[in-house]
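Chemist: Next up is a structure, given as structure tokens.
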Amino acid sequence: MENLQSMLKDLYLISGLNLSIYDIHENLITSYPEHSSPFCHLIKSTPEGAAQCLACDHKAFERVKSSGQIDIYNCDFHLYEAVVPIYTYGVHSGYLMMGQTLTDSAVEKKTIKNAAKDFVDSEKKLDEAISRISFHTKEQILSFASVIDICAKYLTLTNRLEAKNKNLAIEIKNYLNAHYNHTITLQQLCNYFYVSKSTLLNKFKEEYGITIHQYLLDYRFQKSLELLTNSTQSIQEIALACGFQDANYYAKAFKAKYQTTPTHYRETKNTSKNERNL
Numbered sequence: 001m002e003n004l005q006s007m008l009k010d011l012y013l014i015s016g017l018n019l020s021i022y023d024i025h026e027n028l029i030t031s032y033p034e035h036s037s038p039f040c041h042l043i044k045s046t047p048e049g050a051a052q053c054l055a056c057d058h059k060a061f062e063r064v065k066s067s068g069q070i071d072i073y074n075c076d077f078h079l080y081e082a083v084v085p086i087y088t089y090g091v092h093s094g095y096l097m098m099g100q101t102l103t104d105s106a107v108e109k110k111t112i113k114n115a116a117k118d119f120v121d122s123e124k125k126l127d128e129a130i131s132r133i134s135f136h137t138k139e140q141i142l143s144f145a146s147v148i149d150i151c152a153k154y155l156t157l158t159n160r161l162e163a164k165n166k167n168l169a170i171e172i173k174n175y176l177n178a179h180y181n182h183t184i185t186l187q188q189l190c191n192y193f194y195v196s197k198s199t200l201l202n203k204f205k206e207e208y209g210i211t212i213h214q215y216l217l218d219y220r221f222q223k224s225l226e227l228l229t230n231s232t233q234s235i236q237e238i239a240l241a242c243g244f245q246d247a248n249y250y251a252k253a254f255k256a257k258y259q260t261t262p263t264h265y266r267e268t269k270n271t272s273k274n275e276r277n278l
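Quick note on full-length UniProt numbering: the sequence shown kicks off at 1 and runs consecutively.
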């Protein structure tokens, strides 16, 4: 199944516009680029600016939820943005957002500066951030909005925002068990299961009473104990085979958990085996 992040990246490379997917509760699932534009990042660096951006996004989501149609608008800081609804089996399940752009107009640059100046204490930083905003003609913006509308319909037709199984926590656990020997990040899991980070973390902890990180760490340790007991692999080989990228970290974490080193644990197990064989 194609990764949502890859689709957003392709759209970004074509359009130069930031793209994001949100769930029905307005939680960010994934975006490309992963960070906001320099201008938006600067605004959101203040609590007041961040709150205003969230409120503006919320109003756009509410309009789309009500109309069921694409909404093209100017945000509170006069950037062009668009939001499209996504459905799963006919049920509204999320949003595809595009934006953070301007037309290359001196009037628009002045307007955005006036709107933002109360949120930024450095005129130099503000001017620099505005200069790095992507600029498109209105025709381009409307065309790109039509493209993301088509993409949202594709996501709807293929039900891409549906979790891979109704019991999300079990599916996450199965994934961790199958891929524990590889690097696993929360963002990878979010992309794989098409859920927000908060949904991912909360569902797993509700089901198992521990965090994803702790479960994965414990599972890797358990697998390493099996290899220490039943194989002749070196400590470094075992660490890598169990998903630990650094043998030194593995040894330190092992000692903190079991109050002994991997080497001593192996020696103790081997001694016990030999005694049983006598």
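Cβ atoms here follow ideal geometry from the backbone N, Cα and C, with glycine treated the same way.
Residues in its own chain within less than 6 Å of isoleucine 11 by CB, not counting five upstream and five downstream?
Modeler: Position 11 of the sequence shown holds residue 11. According to the sequence as given, residue 11 is leucine; it is not isoleucine. Leu19, listed in sequence order.
Chemist: As a quick exercise: from Leu79, His58, His179 and Gln69, pick the residue whose alpha carbon is nearest that of serine 36.
Modeler: If you number the sequence shown from 1, residue 36 lands on position 36. Comparing Cα-Cα distances from serine 36 to each of Leu79, His58, His179 and Gln69, the minimum goes to Leu79.
Chemist: Which two residues bound the contiguous beta strand (DSSP E) that contains tyrosine 180?
Modeler: Numbered from its first residue, the sequence shown carries residue 180 at position 180. It is not in any beta strand (DSSP E) - tyrosine 180 carries neither H nor E in the DSSP assignment.
Chemist: How about phenylalanine 119 and threonine 46: are their beta carbons less than 9 Å apart?
Modeler: Walking along the sequence shown from the start, residue 119 turns up at place 119. Walking along the sequence shown from the start, residue 46 turns up at place 46. Cβ atoms of phenylalanine 119 and threonine 46: closer than 9 Å.
Chemist: Where does glutamine 188 fall in DSSP's three states?
Modeler: In the sequence shown, the residue the question calls residue 188 occupies position 188. Looking at glutamine 188 - three-state DSSP - the assignment turns out to be helix.
Chemist: Between lysine 269 and threonine 232, which are expected to be in contact by the criterion C-beta below 8 Å, what is the C-beta distance as a whole number of angstroms?
Modeler: Locating residue 269 in the sequence shown gives position 269, where the first residue counts as 1. Locating residue 232 in the sequence shown gives position 232, where the first residue counts as 1. Going by Cβ atoms, the distance from lysine 269 to threonine 232 rounds to 12 Å, so no, they are not a contact pair.
Chemist: Which class does proline 33 belong to by DSSP, given the choice of helix, strand or coil?
Modeler: By 1-based counting over the sequence shown, the position of residue 33 is 33. The answer is coil: DSSP assigns proline 33 none of H, G, I, E or B.
Chemist: State buried or exposed for alanine 116, treating a residue as buried only when at least 16 other CB atoms are found within 10 Å of its CB.
Modeler: Locating residue 116 in the sequence shown gives position 116, where the first residue counts as 1. By the neighbour-count rule (16 or more Cβ atoms within 10 Å), alanine 116 is buried.
Chemist: Excluding the 5 residues flanking glutamate 226 on each side, which residues of the same chain have their C-beta closer than 8 Å to its C-beta?
Modeler: Against the sequence shown, residue 226 aligns to sequence position 226. None.
Chemist: Glycine 94 and isoleucine 21 - do their beta-carbons sit closer together than 9 Å?
Modeler: Residue numbering aside, residue 21 sits at position 21 when the sequence shown is read from its first letter. Residue numbering aside, residue 94 sits at position 94 when the sequence shown is read from its first letter. The answer is yes: Cβ separation under 9 Å.
Chemist: Can you tell me whether threonine 260 is helix, strand or coil according to DSSP?
Modeler: Counting from one through the sequence shown, the residue named residue 260 turns up at place 260. It is coil, neither helix nor strand.
Chemist: Go to threonine 130, then tell me how far its alpha helix (DSSP H) extends in each direction, as first and last residue.
Modeler: The residue you call residue 130 lines up with position 130 of the sequence shown. Going by the sequence as given, residue 130 is isoleucine instead of threonine. It spans 123-131 - the alpha helix (DSSP H) in which isoleucine 130 sits, taken as one unbroken run.
Chemist: Would DSSP call isoleucine 21 helix, strand or coil?
Modeler: Position 21 of the sequence shown, counted from the first residue, corresponds to residue 21. It is a strand residue.
Chemist: Give me the Cα-Cα distance between isoleucine 72 and isoleucine 130, rounded to the nearest whole angstrom.
Modeler: Indexing the sequence shown from 1 puts residue 72 at position 72. Indexing the sequence shown from 1 puts residue 130 at position 130. Roughly 21 Å separates the two Cα atoms.
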